[in-house]
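Let me begin by presenting the structure, written as structure tokens, before commenting on it.
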Amino acid sequence: MAPLTRFVAGLRGLFRKTRAEQELDAELGAFFETAVEHRRQAGLSREEATRAARMELGNAEAVKDSVRDVGWESAFESVWRDLRSGVRSLRKSPGFTTVAVLTLGLGVGATTAMFSAVNTVLLKALPYAGAGEIVVLEQTDVRDRSLRHGVSAANMRDVATMARTLSHVAIAEGPHGLRLLRDARAESLRAWLVSEGFLQAMGVQPRLGRTFLPEEFVQGGQGVVLLSHRAWQTHFGGDSAIVGRHLVLDGTDHLVVGVLPPDFKYPSEADILAPRAPQPSDDGLRAGTQMEGVARLAAGATLAQVQADLDRIATNLVKVYPGSNANTGFRAIPLRQHLLGDVETPLTLLLGAVGLVLLIAAANVAGLQLARGVGKSREYALRGSLGASSQRILRLVFLESLLLAGVGGLFGIGFAYLGVELIRMLAPVHIPRIDELGVDATVLAFALTAAIGTGLIAGIAPALRASTMGLRATLFEGPRGTTLGPRTSGLRDRLVVAELTLAVVLTIGAGLLVRSFDRLLDNRLGFDPEGRLVAQVWAYDDNHQAQLSFFERGLEKIRAVPGVETVGLTSDLPLADGQSLLARSNTIPFAIDGQAAPTPGDDRIAGLAAIDSSYAGAMGIRLRAGRDFSPQDHARSTPVLLVNEAFVRRYLSAQDAVGQHITLRWRKGTSREIVGVLADVRRQGFASEPRPEVYVPLAQEPFNGLTFVVKTDRDPAGLAKAVQEALWAADPHQATWATRRLTDLLGDWIRQRKFNTALLLAFAGLALALAGIGVYGLMSFSVEQRAHELGIRRALGGQTQDILRMVVGRAVKLTLIGAGLGLIGSAALTRLLQGMLFKINPLDLLTFGAVTLLVIAMALSAAFVPAWRATRVDPMAVLRAD
Amino acid sequence: MSHEEAQSGLVQGTLHMLILKTLSLEPLHGYGIGVRLEQISKGVFQVNAGSLFPALRRLERDELIAGDWRVTEHNRRAKYYTLTAQGRARLRRETRDWEKQTTAIARILHASLGEL
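Residue numbers (this note's numbering), protein chains in the order written: chain X, 121 to 1002; chain H, 833 to 948.
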């Protein structure tokens, strides 16, 4: 009984199975014959002896089974045997197998692709040490917490000293455009200045070289920089000798001290990090600025404690600086939340949608298996009568499902690779970390789990049926299954109804998104994005006069480029996104001269843009009242201002805006006269509401980072090179950033919406197709099952019409039930979509109606072929077959 | 194993021992073993194929018996089982254990107060 002996014998048994089987057969044969011989000697007739011997032997198959079950090897053995029998039986019905495998493959593939996106964006840990403890700090308005601003250096310095729940409070200021001068050409780099402690707060170590030293955070020392991995690759070809080299950035010598790791991507799009020394001017600026605050939670501190701590600090600061810090609050946001923004909801939703598709696929395969199961039930009954236990039959059924799932899963992984490519293609650049998207071990494990889970779910119904359907029921069902018992057809009907229900829910969801997308595009932007090229320039000269003259020269040179109609300048381009230097716009407080001081709750804030006199024309923004800026609005002329319609509506209701005076609480705080009203612009795309805005003349309020808007009658992209050349002609040391079509910016924005819509639409299509296959399968199967009955009906004079009505009638009934349930489900579920809908009621009648019609049409066409086949049943063939 | 013995009306754990004993007298084929058991027990034990063959397979696997194909008295080929040395030793041990146990059980069953 040594375990080893057993093991060896078992192994031997496995490998020499055929011989062992033959031997067992021979042995049982000998047993039987000897038994017959024995009885005959006792004087029985041949027939009597044979019968007696048969009784003595019992069920030979059962004997063999129990002999096979001896020892550990039998468990493996019988599974292997069942598996092979499963493969055989699947090969015998290639149609069924193909449809089932494709169904599972599509379901698993779609789910896996979506999961890989969700995994990459939402689930994978951020590549920072202790990322869960990193928070981003923002300044808010205590009256309206939804107003979010960057922080100021002075406030963050105070937070750092006063906070009990935070460590490593640091700021990052940027992005700044830096020009790298190499070979007498200017290349553009995006730089962020970071305060001491920033890298510690982010938990990042350089990949090459070292981090900043404390003595490098003082003014006037040797300039040092850390390169981002991307900038290192694109600008320096990944040269590992870069550390220790000197670069001339904006005319100043900088030493490269290190290269950051590739997955360090915060602040976004930084090419360069440089130390930010505390500056004397910091103290004067406590209002929100273009700085990001970061910090690490102190050991054991919770987010709620941090927020309470920040509220306490804010209250204290209001007392100390009642002027600058009035209504100023602070907010801590976990880094993950800050980076993900609002992508979490759509992605989770899409994953849910794709889960429904997988369920439909499972239901479909279960339905197909049930359909086939009627043929197979005779096989199972036979096996049962030959002594196979019900456990054994169950195993057989599940193995077949798993086999299907396995093959389907393989296809699914293939589809997943395609799906991931598709997502990559469709994905808006805004989805953080989407560039890391790929199929990895986690994703493969998910695909496997999804496939096996689907296989098991799809196996439940057929297995239940195989085990509960007694032997007698099957054997007495007649020579050829006539009409099915109510039990089986009921189960299959329910599966098809469930598929239709899920398909309706998905399609209505997708329909609502499509309709909402349509409505969005109907919204007027307030400017014309077509035929516009935009190019950003960061004037490196600190001197305002020099900046102005450079921009003047630039305008002149670009105007002279063939094909250019108009060119304008702005400090705040609508649709500007995270890609651009000027992503963040200024929001400033102001007062209307001659009016009482604002009451609490009246915030009086407006967006600010500095523009030149040709900007409105170049953008196609209409003038509603008064006059546009002109070249006569220069630095020494009367301070003037343009406002938009939203400003007038909100702050100057029922008054004539032109001629009013407004004081901006910004820079010198000059009082300005409103000279005109411009049309509203939806700065953040179709879905955004216009906000109150003021425009000041560039000549009176210079900015060093500006965007050229070039209007042309040609393809704007073709002008990019000429515009760059023109700017180089104005100053060879000036580089341009983000030279793109304005429609591209809009396109990014549209793509973001389109992404969700297109994916959901694809899933809905998949769901509809799968449900269609389900209906088709059910109907063709039932027609086949009832061929006998239909043949008789026809023989008895049944009309084609009657038969059609009978078959299609059932499909219609199921479809109506499925559609009805789907509508109810949708009514309950579309509320989840509300945040993604624009000017569309979640219960939009048109969508609900159209989808219902679509599903009914789909189901009817799926039922048509089998129904038509039913009318072709040849009565003679059917009757003869019995 | 137990349901095989239950079918044959055997005390649990004894089928293997009885087969070993039968084979210790002379090599037999499967049917012969069944007949011999029935004969010796005077018809008390009737071991059917469903119990016999799995038991034989187990004994063979554990190398207590060995089978070889021979020609029967009726001129047919059948697998004859022989006791191996291991099987003989196992039979001796199990017989001894069995006798010890049955004596003890008998003593208990026949016990009266006076003997204590």
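Cβ atoms here follow ideal geometry from the backbone N, Cα and C, with glycine treated the same way.
Residues near residue i in its chain [Cβ-Cβ closer than 7 Å; skip 5 each side]
{"i": "Thr686 of chain X", "result": "Ser734, Gly737, Ala738 and Lys831"}
{"i": "Ala593 of chain X", "result": "Any reading at Ala593 of chain X needs caution, since the residue's pLDDT is 48, under 50, leaving its predicted position unreliable; the model's value is listed next. Cβ neighbours of Ala593 of chain X beyond the five flanking positions: none."}
{"i": "Ala745 of chain X", "result": "Ala777, Val778, Gly796 and Val797"}
{"i": "Met833 of chain H", "result": "In this prediction, Met833 of chain H has a pLDDT of 42, which is less than 50 and means its spatial position is unreliable; what the coordinates show is noted afterwards. Nothing listed; no residue qualifies."}
{"i": "Asp833 of chain X", "result": "Gly651, Gly683 and Glu685"}
Residue burial classification, residue i (beta-carbon count within 10 angstroms, cutoff 16)
{"i": "Glu520 of chain X", "result": "buried"}
{"i": "Asn663 of chain X", "result": "exposed"}
{"i": "Ser165 of chain X", "result": "exposed"}
{"i": "Ala419 of chain X", "result": "exposed"}
{"i": "Asn436 of chain X", "result": "exposed"}
{"i": "Val199 of chain X", "result": "exposed"}
{"i": "His366 of chain X", "result": "exposed"}
{"i": "Met545 of chain X", "result": "exposed"}
{"i": "Pro1008 of chain X", "result": "No information on residue 1008 of chain X is available, as it lies outside the stretch 121 to 1002 that chain X covers here."}
{"i": "Ile944 of chain X", "result": "exposed"}
{"i": "Ala990 of chain X", "result": "buried"}
{"i": "Ala274 of chain X", "result": "buried"}
{"i": "Asp185 of chain X", "result": "buried"}
{"i": "Lys827 of chain H", "result": "There is simply no residue 827 of chain H to check, as chain H begins at 833 and stops at 948 in what is shown."}
{"i": "Pro442 of chain X", "result": "exposed"}
{"i": "Ser944 of chain H", "result": "exposed"}
{"i": "Lys677 of chain X", "result": "buried"}
Contacting residues, own chain, Cβ-Cβ under 6 Å from residue i (five flanking each side not counted)
{"i": "Ala155 of chain X", "result": "Ala173 and Glu176"}
{"i": "Arg939 of chain H", "result": "none"}
{"i": "Glu141 of chain X", "result": "none"}
{"i": "Asn764 of chain X", "result": "Leu798, Asp800 and Glu813"}
{"i": "Leu523 of chain X", "result": "Gly206"}
{"i": "Leu675 of chain X", "result": "Val687"}
Under the three-state DSSP convention, the category residue i falls into
{"i": "Ile731 of chain X", "result": "strand"}
{"i": "Asp661 of chain X", "result": "coil"}
{"i": "Lys831 of chain X", "result": "strand"}
{"i": "Val338 of chain X", "result": "coil"}
{"i": "Pro709 of chain X", "result": "strand"}
{"i": "Ile741 of chain X", "result": "coil"}
{"i": "Val617 of chain X", "result": "helix"}
{"i": "Ser691 of chain X", "result": "coil"}
{"i": "Ala864 of chain X", "result": "Note that residue 864 of chain X is Asp in the sequence shown, not Ala. Helix, per DSSP."}
{"i": "Ile851 of chain H", "result": "helix"}
{"i": "Tyr386 of chain X", "result": "coil"}
{"i": "Gly270 of chain X", "result": "coil"}
{"i": "His158 of chain X", "result": "helix"}
{"i": "Thr934 of chain H", "result": "helix"}
Sequence-distant residues of its chain with Cβ nearer than 8 Å to residue i (five each side left out)
{"i": "Gly343 of chain X", "result": "Leu369, Thr372, Asp373, His374, Leu375 and Ala394"}
{"i": "Arg635 of chain X", "result": "Ile960, Asp964, Leu966 and Thr967"}
{"i": "Gly178 of chain X", "result": "none"}
{"i": "Phe885 of chain H", "result": "Gly862"}
* **Cβ-based contacts, 8 Å cut-off: residues of the stretch 902-932 of chain H near chain X** => Those would be Thr904, His906, Arg908, Arg909, Ala910 and Lys911, in chain order.
* Could you list the residues in the stretch 846-865 of chain H with a C-beta less than 7 Å from some C-beta on chain X, going in chain order? => Listed in sequence order: His861, Gly862 and Tyr863.
* Can you list, in chain order, the residues of the stretch 152-163 of chain X whose Cβ is nearer than 8 Å to any Cβ on chain H? -> Look at the stretch 152-163 of chain X: the residues with a C-beta under 8 Å from a C-beta of chain H are Glu153, Thr154, Ala155, Glu157 and His158.
* Would you list, in sequence order, the uninterrupted beta strand (DSSP E) runs of no fewer than 3 residues that lie entirely inside the stretch 744-828 of chain X? => Entirely contained in the stretch 744-828 of chain X, the beta strand (DSSP E) runs reaching 3 residues are, in chain order, 760-764, 781-784, 791-798 and 813-817.
* Below 7 Å between beta carbons is the criterion; list the residues of the stretch 164-184 of chain X that meet it against any residue of chain H, in chain order. => Listed in sequence order: Glu176, Leu177, Gly178, Ala182 and Val183.
* Using a Cβ-Cβ cut-off of less than 8 Å, list which residues of the stretch 869-888 of chain H approach chain B; keep chain order. => Among the protein chains in the structure shown, which are X and H, there is no chain B.
* Asked: Counting only runs that start and end within the stretch 634-687 of chain X, where is the beta strand (DSSP E) found for 3 or more residues in a row?
  -> Qualifying beta strand (DSSP E) stretches, in chain order: 652-658.
* To do: Give, in chain order, every unbroken run of the beta strand (DSSP E) that is at least 3 residues long and sits entirely within the stretch 318-370 of chain X.
  => Whole beta strand (DSSP E) segments, 3+ residues: 343-347 and 366-369.
* **Those runs of the alpha helix (DSSP H) which lie wholly inside the stretch 435-473 of chain X and span at least 4 residues** => The stretch 435-473 of chain X contains, as complete alpha helix (DSSP H) runs of 4+ residues, the segments 455-460 (chain order).
* Could I get the ranges of all uninterrupted alpha helix (DSSP H) runs contained in the stretch 203-278 of chain X, with 4 residues as the minimum, in chain order? => Within the stretch 203-278 of chain X, the complete alpha helix (DSSP H) runs of at least 4 residues are 214-238.
* Asked: In chain order, what residues of the stretch 906-929 of chain X put their CB closer than 8 Å to some CB of chain H?
  -> Here the close residues number zero.
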